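At the far end of the sequence shown sits residue 442, using my numbering, and the numbering has no gaps. Worksheet for the structure shown next.
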Amino acid sequence: MSGLPDLDAAPGGARLQRASAGDLVAAVTAQLYAAGCVSAPAEARWLLEEALELAPGELAGRRGEPVPGARALQPSTAARARLAAMTARRAAGEPLQYVVGWAPFGPLRLAVGPGVFVPRPETEGLADLAARRLRAHPEPRLAVDLCSGCGAIACFVADAVPGARVLATELDPGALAWGRRNAERHGVELLAGDLDDPLPPELAGRVQVLTANVPYVPSDQIELLPHDVRDHEPRLALDGGPDGLDVLRRVAALAPRWLAPGGVLLSEIAEDQGAAATRALADAGLGGVRLHHDLAGRHRVVEGVRP
């Protein structure tokens, strides 16, 4: 591998055996920078932690060195080989979370990989809001997550509201494979199908919280996305139609059938879609429509209540 001579050396080579974890992080950082990764140092540490099978963050936050604590570690030849393969995948443009096999989401560690949308930190705000809204309802508590992907929101809610029944739906077979792994671990009922099609009819009028991280990128903007997103994550999870709101309008239209009186719909949106999203929910008959901001102060979630 260009830029990583220690990783290219034959097993047992002197340079390979002498290289410390700190040396390897520096080499990986250089290669990731060369490949255009703007967060190369953090990504390099994450890759090495996975190659060494360390706890997340173990190479970060210690005192002293630029890569704290790493100089004392001497990775095995097998670990170096794993690091070489993982670095090659990331440098080629594959999402980092695919390479390491998981993504953090709030307190959760979710299995992800090729074929599924990678959960973003900004979606944690929607998940936390959904959990708070669900806790405000009396037991038995019932939540449904549409367009669930790897199950991030559904698993977060199930973890945050013990005893709640949480269902999720997903259409894409590639995403379902990952979603099932996470759903089983967190007690989520994952159903295969488009939006509300697979939901049991007896749930109509009983759902207290309905969430959806819908695809909301306008079709003509897909090609403007970062190449690791555009080229690797499923288009079905990204493309929201001409103005990005096709799926949100469908979700808003179906929400009144499933929501209990006082139940809420929460959906993620792009920062410039606030006005159109609020109209979509109001046109569907939902009340109390309002927007919520993310930590950067941008519109991120639209909320509506069934009267």
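Don't be surprised by glycine CBs; every beta carbon is placed ideally from N, CA and C. None of the values given here were measured: they were computed from a predicted structure.
Test item: CB-CB of residue i and residue j under 9 Å
i, j, result
"V235", "W181", "yes"
"D374", "G228", "no"
"A372", "P350", "yes"
"P369", "D294", "no"
"A214", "A169", "no"
"H367", "P249", "yes"
"E403", "N317", "no"
"A299", "L326", "no"
"R276", "V399", "no"
"A339", "V292", "no"
Alpha carbon of residue i to alpha carbon of residue j, nearest angstrom
i, j, result
"P377", "Q343", "31 Å"
"T164", "Y233", "18 Å"
"Q209", "A223", "21 Å"
"M221", "V424", "45 Å"
"E324", "T413", "29 Å"
"L389", "L187", "48 Å"
"A411", "E257", "20 Å"
"G328", "L345", "16 Å"
"L359", "A405", "15 Å"
"E178", "L231", "7 Å"
"S155", "A162", "11 Å"
"V279", "P273", "16 Å"
"L401", "A216", "44 Å"
"V247", "R341", "31 Å"
"L183", "G309", "27 Å"
"R315", "A387", "26 Å"
"G196", "G157", "With a pLDDT of only 42 at G196, under 50, the local geometry of the prediction cannot be trusted, and the value read off the model is given with reservation. Roughly 14 Å separates the two Cα atoms."
"E185", "S283", "26 Å"
"L421", "L167", "47 Å"
"H428", "D407", "12 Å"
Bridge partners - residue i, DSSP secondary structure assignment
i, result
"L277", "R300"
"V440", "V399, G422"
"L394", "V342"
"D374", "V352"
Supposed contact pair residue j and residue i - C-beta distance, whole angstroms, cut 8 Å
i, j, result
"L394", "R435", "Contact doesn't hold; Cβ gap of about 21 Å is too wide."
"A266", "V296", "5 Å"
"A415", "R365", "Rounded, the Cβ-Cβ distance is 26 Å, inconsistent with contact."
"L218", "L159", "6 Å"
Next item on the list: Only counting runs of 4 or more residues, tell me where the alpha helix (DSSP H) segments fall wholly within the region 184–263, in order along the chain.
Entry: 212–226, 231–235
Next item on the list: May I have a chain-ordered list of the beta strand (DSSP E) segments no shorter than 3 residues that lie completely inside the region 293–372?
Entry: 300–305, 324–327, 342–347
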